[in-house]
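Participant: The structure's right below; bear with me while I get my questions together.
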Amino acid sequence: MMPLLDAVPFLTTAQQGPLQEIESHLLDRQTVIETWFRQAFLDTPAPFYCSVDLRNAGFKLAPVDTNLFPAGFNNLNPAFAPLCIHALQSAMEHLCPKARGLLLLPERHTRNLYYLENVATLRDLAEQAGFEVRVGSLIEAQTDALTVALPSGRTLTLLPLERKGSRIEAGGFSPCAVVLNNDLSAGVPAILEGLEQTVIPPLGLGWWKRRKSDHFRHYDAVAHEFAAMAGIDPWLVNPLFDNCGDIDFMQREGEDCLAERVEKLLARIKAKYAEYGIDREPFVVVKADSGTYGMGVMMARSVEEVRNLNRKERTRMAASKEGLGISRVIVQEGVYTFEDIAGAVAEPVVYMIDRFVVGGFYRVHTQRGIDENLNAPGAHFMPLAFADACTTPDCQLSPDAPPNRFYAYGVIARLALLAAAREQAEARQQEGSA
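Each step along the sequence shown adds one to the number in my numbering, with nothing skipped, and position 304 is 304.
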């Protein structure tokens with residue numbers, strides 16, 4: 001486990017007036033906002049779990065990535081495990097109300113002990129929620145149980161899978177439901193196809209099929225609906241984005257389309273900066289339209305930067321997780337992060353189970369700047385007690401006081417969760433009509 005903080009870190013955004021205006025709007029409309037969220041999630045149920053990367057520019061607070069197979073539960077403050085347990089119980093009541101046994105299926109990289117700490121934390125939380133849990137392995141060559149000793153002192157046993165008709169088992173354990181903590185970047189393993197057991201999240205939300213551009217299309221609609229209700233400019237909580245068709249960075253195919261979209265998006269951002277009197281250089285983020293781990297990401301401040309990539313940069317943009325090639329990208333408005341912890345740049349990551357905010361942490365990077373990707377080697381994590389703060393703001397305090405700052409994080413993260421819920425509903429509708 002990461003060491004807990006004795007106090008909330010100093011955030012430079014505490015001095016940023018414009019963000020206080022956004023936070024003030026959210027605090028003034030708290031009752032209306034919570035009513036709105038409650039109805040929205042009744043209309044479109046939330047995914048099983050989700051994590052959202054936020055960027056806080058002082059003048060803007062927006063999500064930049066939404067992960068439906070989140071790792072990092074071991075980085076949350078363990079003091080708020082009861083919130084996670086309650087949320088897990090609520091989620092399973094909706095998704096598989098008769099479930100008693102769960103099979104947790106993690107990623108295949110068994111050498112990453114910090115990732116396996118995340119798996120062990122999920123296992124422990126699910127057991128405390130009242131479920132019998134086993135951890136399976138999607139490594140096809142594995143035939144025996146593998147027990148791994150973890151830095152926390154816990155152990156994690158990975159069991160080989162066995163297909164029996166339309167069910168899977170692990171070590172003779174036949175679960176009611178299968179919980180994926182594997183984002184399926186490499187596709188759906190044959191052993192998971194056509195199961196009668198409930199698979200959570202649905203296979204169709206894996207990165208083999210999911211697109212970030214689809215998610216932010218839904219988020220754009222959610223942001224506009226929310227902004228109309230909250231009385232703010234949707235741009236203050238919404239990163240502008242665009243995308244184009246197929247691209248091959250090595251062969252330089254699709255480059256003209258990418259350059260055109262970058263140029264137009266930079267112009268749109270520049271216009272909004274001028275509208276709000278923001279004296280900063282606009283930039284965009286070009287990243288793989290699917291996938292995670294911060295791979296296939298670059299920043300651009302001009303069209304020339306996109307057109308003049310050297311071979312090393314093209315190679316880096318051409319490959320993603322599992323060694324898969326990148327053939328589609330999303331062009332997203334770059335959002336500065338003006339949050340600072342002990343002199344290092346930071347960004348908040350908020351975790352949710354069902355429709356509940358259950359925690360979060362700061363991703364901190366000592367070698368990256370305010371306009372760079374922090375999800376990169378060298379990052380470390382500082383857990384924060386989001387739990388009370390994200391749900392119980394204190395209107396007697398200033399808008400940028402920690403409870404109110406964290407409430408704002410929780411609101412924006414839930415907007416991304418709602419977009420993911422609509423994304424999930426759309427995927428299920430498409431599967432039903434196929």
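Each residue gets a CB set at the ideal place from its N, CA and C atoms; glycine is no exception.
#1: Just to confirm, are Y362 and E372 a CB contact at a threshold of 8 angstroms?
#2: To the nearest angstrom, report how far apart I353 and L88 are at their CA atoms.
#3: Can you look up T35 in the DSSP assignment and give me helix, strand or coil?
#4: Could you tell me how far apart the beta carbons of E281 and R252 are, in whole angstroms, since I believe they sit closer than 8 angstroms?
#5: Looking at F69 and L180, is the spacing between their C-beta atoms short of 8 angstroms?
#6: What does DSSP give as the partner residues of M382 in its beta bridges?
#7: Considering C257, what are the terminal residues of the beta strand (DSSP E) in which it resides?
#8: How many whole angstroms separate the CB atoms of D242 and R261, which I take to be in contact at a CB cut-off of 8 angstroms?
#9: Which stretch, first to last residue, makes up the alpha helix (DSSP H) that contains C84?
#10: Going along the chain, which residues of its own chain have a beta-carbon closer than 6 angstroms to the beta-carbon of P234, five neighbours each way excluded?
#11: Could you tell me whether the region 200-217 touches the region 130-139, where touching means 3 or more Cβ pairs closer than 8 angstroms?
#12: Where do the N-terminal and C-terminal ends of the alpha helix (DSSP H) with M229 fall, by residue?
#13: In angstroms with no decimal places, state the Cα-to-Cα distance between A379 and T366.
#14: Counting along the chain, where does the beta strand (DSSP E) carrying L180 start and finish?
#15: I need the boundaries of the alpha helix (DSSP H) containing R355, first residue and last residue.
#16: Are the region 139-148 and the region 102-115 in contact at 8 angstroms, needing three or more beta carbon pairs?
#17: According to DSSP, is A376 helix, strand or coil?
#18: Taking the alpha helix (DSSP H) that M298 belongs to, which residues open and close that run?
#19: Measuring alpha carbon to alpha carbon, tell me which residue in L240, D248, V297, F249 is nearest K270.
#20: Please return the same chain residues whose Cβ sits closer than 6 angstroms to the Cβ of N75, not counting the five positions on each side in sequence.
#21: Buried or exposed: where does V32 fall if 16 or more other Cβ atoms within 10 Å of its Cβ makes it buried?
Facilitator: The relevant details are as follows:
#1: The answer is no: Cβ separation not under 8 angstroms.
#2: Cα to Cα, I353 sits roughly 6 angstroms from L88.
#3: Note: T35 maps to helix in three-state DSSP.
#4: At roughly 26 angstroms, the Cβ-Cβ gap does not stay under 8 angstroms, so E281 and R252 are not in contact.
#5: For L180 and F69, yes; Cβs fall inside 8 angstroms.
#6: Residue pairing of M382 in beta bridges, as defined by DSSP: Y362.
#7: Under the DSSP assignment, C257 falls outside any beta strand (DSSP E), being part of the alpha helix (DSSP H) whose first and last residues are 255-276.
#8: With 8 angstroms as the limit, D242 and R261 qualify as a contact, their Cβ atoms being about 4 angstroms apart.
#9: From DSSP, the alpha helix (DSSP H) with C84 extends over 81-95.
#10: Excluding residues within five positions, the ones whose Cβ falls inside 6 angstroms are A223, H224, A227.
#11: Between the region 200-217 and the region 130-139 there are fewer than three inter-stretch CB-CB distances shorter than 8 angstroms, so the stretches are not counted as touching.
#12: Here the alpha helix (DSSP H) through M229 covers 212-230.
#13: Rounded to the nearest angstrom, the two C-alpha atoms are 7 angstroms apart.
#14: It spans 177-181 - the beta strand (DSSP E) in which L180 sits, taken as one unbroken run.
#15: Segment: none, R355 is in no alpha helix (DSSP H) and carries neither H nor E.
#16: Flag = yes, the region 139-148 and the region 102-115 touch.
#17: It is coil, neither helix nor strand.
#18: Counting along the chain, no alpha helix (DSSP H) covers M298; the unbroken beta strand (DSSP E) around it starts and ends at 297-300.
#19: Per the Cα distances, L240.
#20: Excluding positions up to five away in sequence, the list reads M2, F361, F381, P383.
#21: Per the 10 Å Cβ criterion, exposed.
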